[in-house]
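*Asks:* Got a structure here, written out as structure tokens. Questions coming.
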């Protein structure tokens, strides 16, 4: 262990690798802040560069982008109310209301420290418990995945601030959208109406940007107010005080644990982690009614959880050779190009390289702690100085470009325009938008696992309660749903 | 022209009811016959979702509008901005990315309150050139080339960075 630590430090603390970590983290923060683009695209674009550098440097570059991007998205959520990345969707709930209250700097501080804590926590856990967590994750089959997806979807109860019916409508719209396209099991086309472009389904990026970004442009045309009119003091991002960090230690820790565990389960990513952590934070809170009004616990729970996924996702990749999410799949591709195959053998023989990756990512998290604050200050300053006649076309243009880049197709741009109007009307009647995003992401996992489970059991639903992990997940899901009602005191 | 909250709530609910009914009709008339179990029938799951959406939408329709639910004002300016979005997407394949985006961004800037025409044009120009550099030159995203005015062909040849980013 000690030898691996020394060897890992030897790899990371070279000028080339330190430079790579710095530039990759900076790039991740910038790309995370730009709405819709996200760290995944940056990782894909940079992949060819990693072929010409050592494998460990390539891994460090890609994972540092992930670390920076996961946090950068939260900054846009806090300042503009537009999620920079899908994983920062849940951050909008409390970060944006806090900014509206004139505390944008404070909101950014919680975004940055939440991300930092989640990221470092998951990496430390990764160092000590990776093989154990990997064994648990491997025991997951379709019923457990279905349960986990249901748990994520049940978070909508916590997200529906005023009307559960409206939250459920939003969730069902998202689940329906996720079902559009080619059915994975039978290859039948569903609701494509003969349009070839819809056979691959509806991508998350046009829906996200339509709902959150284009609807805001439409709102502006009505109210002539795009962003909060920040005062000078509100523009200065500030770290939470030690007293505040201590006060919210439970929120930091709980969300980090949730993020790490969810990250370790292949195919379940940051978005689910953020929503589940948010719902759980609300469930255990002494004042759940304040969630959604701009409270630190809400911001911390989302940001710590989504960044903790970065460490958790490494666990199945390194120990079992199964990528935890899309970004670790690309990291695996880098390793393959260098003739390395992640898996049990790799985990036992390449301990120095793996430790170097952990150390590099911890450094990236520390860098993010400063870069995030600096980046936020820069963005907030720019937004405050920018006139709305520049900001409005700017937001629309970035949204259009990010959407077009998904598949270089104008169909996605059309989808974005449609969801711009949908988002505008849904906001008007107070139907929450975030459950749509949650459902689009979880829908395929839920449907696929549900159908596979029922296929295994010949249509017998008891399969979900006869397997221990599945039963445990379902019990937790039921608790998550009924808890708010059990807690309500009779009036 | 103002559309009040109560009407809007009901209008959205009514739209969702019709949407669910239409999609249910589509689900019950698949392109080819499907199997009869969860695993083999592709439409069982969406049908379940749509039935639930139908029930929830009916409940929403019957609910009273809550206090503070918004009203829609300035419908003409909303329609105008939306017409610009639609017009841009329709004209993009004909005008090409560069000219189309320049016109679109300039018009958006003017509609967003920039009354100095030269400034709106400058915003359009800078926005387009920045997008061109970042997305076209650096990220190599293939944007639509204009059928009528193909500025892209000229800029494509005059790519200042060339193949620097091709490893």
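Residue numbers (this note's numbering), protein chains in the order written: chain A, 1126 to 1616; chain B, 456 to 622. For every residue, glycine included, the Cβ atom is placed at its ideal position computed from N, Cα and C. Since we're looking at a predicted model, the values are computed, not measured.
Taking only three categories from DSSP, how would you classify residue 614 of chain B?
*Replies:* At residue 614 of chain B, the pLDDT of 48 sits below 50, so the modelled position is not reliable; the number obtained from the coordinates is stated separately. If DSSP states are grouped into helix, strand and coil, residue 614 of chain B belongs with coil.
*Asks:* Which residues in the same chain as residue 561 of chain B place their Cβ atom closer than 7 Å to its Cβ, once the five residues preceding and following it in sequence are excluded?
*Replies:* Taking C-beta separations shorter than 7 Å and ignoring five residues to either side along the sequence, the partners of residue 561 of chain B in its chain run 575, 576, 578 and 579, following chain order.
*Asks:* At a CB-CB cut-off below 7 Å, which residues of chain B make contact with residue 1526 of chain A?
*Replies:* 586 and 590
*Asks:* Of the residues A/1319, A/1295 and A/1217, which one's Cα is nearest the Cα of residue 1422 of chain A?
*Replies:* A/1217
*Asks:* Just the C-alpha distance for residue 508 of chain B and residue 1225 of chain A, rounded to the nearest angstrom, thanks.
*Replies:* 33 Å
*Asks:* Is the Cβ of residue 1530 of chain A closer than 8 Å to any Cβ of chain B?
*Replies:* yes
*Asks:* Kindly indicate if chain B contains any beta-carbon less than 8 Å away from that of residue 1346 of chain A.
*Replies:* yes
*Asks:* What does residue 514 of chain B reach in chain A if we use C-beta pairs closer than 7 Å?
*Replies:* 1290
*Asks:* In the structure shown, what three-state DSSP assignment does residue 1548 of chain A receive?
*Replies:* helix
*Asks:* Mind checking residue 1367 of chain A: buried by the 16 CB within 10 Å criterion, or exposed?
*Replies:* exposed
*Asks:* Please classify residue 579 of chain B: does DSSP put it in a helix, a strand, or coil?
*Replies:* helix
*Asks:* Does residue 483 of chain B have its Cβ less than 8 Å from a Cβ in chain A?
*Replies:* no
*Asks:* Would you say the segment 579–592 of chain B touches the segment 553–567 of chain B, given that touching needs at least three Cβ pairs under 8 Å?
*Replies:* yes
*Asks:* Please decide whether residue 1569 of chain A counts as near chain B, where near means a Cβ-Cβ distance under 8 Å.
*Replies:* Not one chain B Cβ lies under 8 Å of residue 1569 of chain A.
*Asks:* Reducing DSSP to helix, strand and coil, say where residue 1193 of chain A ends up.
*Replies:* Here residue 1193 of chain A sits in helix by DSSP.
*Asks:* Spell out whether any CB of chain B is found under 8 Å from the CB atom of residue 1127 of chain A.
*Replies:* Answer no: the Cβ-Cβ gap between residue 1127 of chain A and chain B never drops below 8 Å.
*Asks:* What's the C-alpha gap between residue 1598 of chain A and residue 1426 of chain A?
*Replies:* 20 Å
*Asks:* Which of helix, strand or coil does DSSP assign to residue 1314 of chain A?
*Replies:* strand
*Asks:* For residue 1408 of chain A, report the span of its alpha helix (DSSP H) as first-last.
*Replies:* The continuous alpha helix (DSSP H) containing residue 1408 of chain A extends over residues 1395–1409.
*Asks:* Assign residue 1511 of chain A to one of three DSSP states: helix, strand, or coil.
*Replies:* coil
*Asks:* I want to know whether the segment 1198–1210 of chain A touches the segment 1151–1161 of chain A - three or more CB-CB distances under 8 Å.
*Replies:* yes
*Asks:* In whole angstroms, give me the CA-to-CA distance for residue 591 of chain B and residue 1418 of chain A.
*Replies:* 41 Å
*Asks:* Roughly how many angstroms separate the alpha carbons of residue 1134 of chain A and residue 1480 of chain A, rounded to a whole number?
*Replies:* 8 Å
*Asks:* Hey, is residue 600 of chain B's beta-carbon within less than 8 Å of any beta-carbon in chain A?
*Replies:* no
*Asks:* Keeping to the same chain, check which residues put their C-beta closer than 8 Å to that of residue 502 of chain B; ignore five residues upstream and five downstream.
*Replies:* 479, 482 and 483
*Asks:* Per DSSP, which residues does residue 1306 of chain A bridge with? Please list them.
*Replies:* A/1315
*Asks:* Could you pull out every unbroken beta strand (DSSP E) segment of at least 3 residues lying fully inside the segment 1432–1490 of chain A, listed in chain order?
*Replies:* For the segment 1432–1490 of chain A, not a single whole beta strand (DSSP E) run of length 3 or above is found.
*Asks:* Rounding to the nearest angstrom, what Cα-Cα distance links residue 1386 of chain A and residue 539 of chain B in this structure?
*Replies:* 46 Å
*Asks:* Which residues, in order along the segment 1565–1593 of chain A, keep a beta-carbon less than 8 Å from a beta-carbon of chain B?
*Replies:* When CB distances to chain B are screened at a threshold of 8 Å, the residues of the segment 1565–1593 of chain A falling below it are 1572, 1575, 1576, 1577, 1579, 1580 and 1584, in chain order.
*Asks:* Please check the pair residue 1436 of chain A and residue 1261 of chain A, which I expect to be a contact at CB under 8 Å, by giving their CB distance rounded to whole angstroms.
*Replies:* Their Cβ separation, rounded to whole angstroms, is 16 Å, which puts residue 1436 of chain A and residue 1261 of chain A out of contact at 8 Å.
*Asks:* Is the number of C-beta pairs between the segment 1507–1521 of chain A and the segment 1172–1179 of chain A that are closer than 8 Å three or more?
*Replies:* no
*Asks:* Does the beta carbon of residue 582 of chain B sit closer than 8 Å to a beta carbon anywhere in chain A?
*Replies:* yes
*Asks:* If distances are taken between C-alpha atoms only, which option among A/1445, A/1185, A/1338 and A/1221 comes closest to residue 1264 of chain A?
*Replies:* A/1445
*Asks:* Please report whether the beta-carbon of residue 1215 of chain A lies at a distance below 8 Å from any beta-carbon of chain B.
*Replies:* no
*Asks:* Please report the distance separating the alpha-carbon of residue 541 of chain B from that of residue 533 of chain B.
*Replies:* 12 Å
*Asks:* Under the assumption that residue 1566 of chain A contacts residue 1329 of chain A (Cβ atoms under 8 Å), give the Cβ distance between them as a whole number of angstroms.
*Replies:* 6 Å
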